[in-house]
Each structure stands twice: as structure tokens, then as C-alpha cells.
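Working notes, beginning with the structure itself.
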Amino acid sequence: MTSPAYTRAAALPEILSRRIAILDGAMGTMIQRYKLAEADYRGERFRDHPKDLKGNNELLQFTRPDVIGEIHEKYLAAGADIIETNTFGATRVAQDDYGLAPLAREMNVAAAKLARAACDKFSTPDKPRFVAGALGPTPRTASISPDVNDPAARNVTFDELRAAYREQAEGLLEGGADLFLVETIFDTLNAKAAIFALDELMDETGERLPVIVSGTVTDASGRILSGQTVTAFWHSVRHAKPIAVGLNCALGATLMRPYIEELARVAGDTFISCYPNAGLPNPMSETGFDETPEITGALLEEFAKSGFLNIAGGCCGTTPEHIAAIAQRVGRYQPRCCGASLFGGLKAA
68 MTSPAYTRAA
78 ALPEILSRRI
88 AILDGAMGTM
98 IQRYKLAEAD
108 YRGERFRDHP
118 KDLKGNNELL
128 QFTRPDVIGE
138 IHEKYLAAGA
148 DIIETNTFGA
158 TRVAQDDYGL
168 APLAREMNVA
178 AAKLARAACD
188 KFSTPDKPRF
198 VAGALGPTPR
208 TASISPDVND
218 PAARNVTFDE
228 LRAAYREQAE
238 GLLEGGADLF
248 LVETIFDTLN
258 AKAAIFALDE
268 LMDETGERLP
278 VIVSGTVTDA
288 SGRILSGQTV
298 TAFWHSVRHA
308 KPIAVGLNCA
318 LGATLMRPYI
328 EELARVAGDT
338 FISCYPNAGL
348 PNPMSETGFD
358 ETPEITGALL
368 EEFAKSGFLN
378 IAGGCCGTTP
388 EHIAAIAQRV
398 GRYQPRCCGA
408 SLFGGLKAA
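Have a look at this one:
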């Protein structure tokens, strides 16, 4: 295999081989701090929309771009090298629940432009910042029946997912994303649809962006929801030649440890990312999760000390304070070295 010649974020492989890069934290957790009302989500443009819109965070790039931009800047100020676009649910499939499927492409363009502006503001020659176009899992699954009485039933097809992800990726590319992040994967078939769409887009446009693939282990069995172990998951997505593969969300760092260790062991020819939740959910906590920045930072420091990491960040319940703690803690350690050259290309040092 040969390492892709990236047309964007070309410096990223060398950075990941030299130090542990920092990913931002939770967008949703930060949005909750603003205590936005239905009117904030509607704005003037969607004032008369027939469905409730509060909670559709991807609408905020239209109606409250100031909020999204400010959150991006807070994470960059905390030390993030990579920030995610506010597009976790910005697919036609997900937006259909709100009656807003036709806006999916525009939603991604707007989100990428906001993240691009924030990164450009904070980038320096010594510390470039990168926009990760976030592609979430959608609320539907191609591998699992939504009907317990009909195992063969499906509420989405591979082609529908591929088309939705292609539309999303086109918007992210137009808006200025540097890389793609296929994240919170609970169904590998959904992820394969995203990967297929990205390959199609990059082949047709001539743009070649790094791709990070991040799964989520849903319980102590060490499997993603569609049944694969971490090792099986890696072998299912390895053909995409991702710049990094990792785990996010779900269990929090404490319970995630054996699975990120397993992934770091088996995925020898690419980099490893990890951005866990701030522990397990707790509705009584201010952020919905129990771990303080100091706790999450210490847990990820142990991962770095053990040689598991090239990218570290946070998922649900994490804030700029968590990201600052993670950056300070993991910055003391060398990144994980690839066991082999990166798909036959750049060799990690």
C-alpha cells in the first residue's frame, strides 16, 4: 500500500508522527451552556416551520452562527489542533426527522465555513489548525432491524446512506474542511457507506483528504452495536487507508482502556485516535457527565504514557477545560509509533 498524496492537511501525518495532536471536545455539551430556546433554533428563516426544532443543533449555523463560532474558538484557545464541524446530524437521513432534509448540503457548507474561519484565526506557522468535517452515524442502521419481530426489516439502505454521505461530504469540502472524520460508528455498514462516498468524491474531484475512522464500543463486551469486536472493526475499514483509526464516545476512558489498547496493537500501520466521554452519563451533573477536567486529563495521560495515542480529545460531557487538561497532560509524552510505515508511505518517528 502507498500513503495517499493529500491535497489538504498535507502536514498532518508528520505532525502525528512527532507529537500527540489534540482534538476538540463536545459541541452539544457546550451548546447546552447557552440555554437556547426554540426561538434561537428557528430564527427568522424557520419561524413558521411546522415541526419543533429545538435540539437540532445543526440548524444553529444558520440561526446562531455566533454561538457555533464562539465554541470553536474556545476549543482552539484551549489548545485543539483539530476542530470538528457542527455536522454530526447534518445528513439528509438525520434531518428528515425535522422535515429539513433538503437543507443538508447547505448546512454542511455553512458549518465548514464557520470552523474554517475559526481555524484561520488561530493558525500559526508553528501550530496549524485543521477543520475535521464530521460525518455522524445517522439515526438509522443498515445492519440491524428496527423491528424485533422482523429480523430482516431495515429502515435505510446502503445506497441511501451513500448518497446522504456524499451530499454531506460535498458540502464539507466546499466549505473548507481539511479532513473527514467518520465518527461514533455503531454499525460498520453505515461507515462503509460513508467511506464509499468519500472515495467517490475524492476520485471525482481530485482532492485527497485524510480520513479518520472512529468507532464506539457500546458495552463491556467490547463490541460495537452491530456486533464486531474492535479487531474485526479495524479489518472491516482498513481498506480505506485512514490516517487514523480510533474509538470515541460510549464508555468513557476508564472502561474504554482495554479496547483502545487492543486497537493500538492491531492497527499497526496507521495512527490511533481516542476521544472518550467524560465518564458515564449522570443527569444530575452540570454537563451530564461526572468526570472533571482533571480526571479525564489524567486518564488520557495514562493512555499516552502507555504508548496508545496519536490524537486525543473529548466527546460527550467534555468542555474546553477538559481539552486544556488533556493537552497539558498528554503533551508530556511521545506519540505512538506505527508498527510499520503508514500504509507504506510516511514512517512515524
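Everything in the sequence shown is counted per my numbering, starting at 68 for the first residue and increasing by one.
Heads up, the beta-carbon is just placed ideally off N, CA and C, and yes, glycines get one too.
Given the structure is predicted, the values throughout are model-derived calculations rather than measurements.
With 16 or more other Cβ atoms inside 10 Å of its own Cβ, His139 counts as buried. The C-beta distance from Thr154 to Ala185 rounds to 14 Å, too long to fall under 8 Å, and the pair is not in contact. Residue nearest to Pro195 within the set Ala201, Arg396 and Ala77 is Ala77 (criterion: CA-CA distance). One alpha carbon belongs to Leu228, the other to Leu322, and they sit about 31 Å apart. Straight across, the Cα-Cα distance linking Ile87 with Tyr400 is about 8 Å. Beta-bridge partners assigned by DSSP to Leu126: none are found. Below 8 Å, too few C-beta pairs join the region 370-388 and the region 120-132 to call them touching: fewer than three. For Glu234, the three-state secondary structure derived from DSSP is helix. Arg403 and Ala392 have their C-alpha atoms roughly 20 Å apart.
Under DSSP, Gly313 shares a beta bridge with Ser281 and Ser340. Minimum Cα-Cα distance from Leu202 among the listed residues Val215, Asn175, Val223 and Lys180 corresponds to Asn175. The bridge partners DSSP lists for Leu90 are Ile149. With a threshold of 16 other beta carbon atoms within 10 Å, Lys118 falls short and is exposed. If you draw a straight line from the Cα of Val397 to the Cα of Glu368, it comes to about 5 Å. Taking the Cα of Phe263 as reference, the smallest distance to any Cα among Glu81, Ala144 and Val280 is reached at Val280. Straight across, the Cα-Cα distance linking Asp357 with Gly146 is about 22 Å. By alpha-carbon distance to Leu83, the top candidate from Phe338, Pro204, Pro325 and Glu329 is Phe338. Rounded to the nearest angstrom, the gap between the Cα atoms of Tyr342 and Tyr108 is 28 Å.
In this structure, Val249 keeps its C-beta atom at 8 Å or more from the C-beta atom of Val223. The three-state reading of DSSP puts Thr96 in helix, counting H, G and I together. Cβ neighbours of Phe129 within its own chain (closer than 7 Å, five residues either side excluded): Gly110, Arg112 and Ala177.
For Thr285, the closest C-alpha among the options Leu347, Ala331 and Asp270 is that of Leu347. The alpha carbon of Pro206 has as its nearest neighbour, out of Arg85, Asp226 and Asp164, the alpha carbon of Asp164. As the crow flies, the alpha-carbon of Glu361 is around 11 Å from that of Thr385. Between Tyr73 and Arg275, the gap from beta carbon to beta carbon is short of 8 Å. Bounds of the beta strand (DSSP E) holding Leu248 are Leu246 to Ile252.
The alpha carbon of Asn315 has as its nearest neighbour, out of Gly355, Pro204 and Gly294, the alpha carbon of Pro204.
DSSP, read as helix, strand or coil, puts Arg85 in helix.
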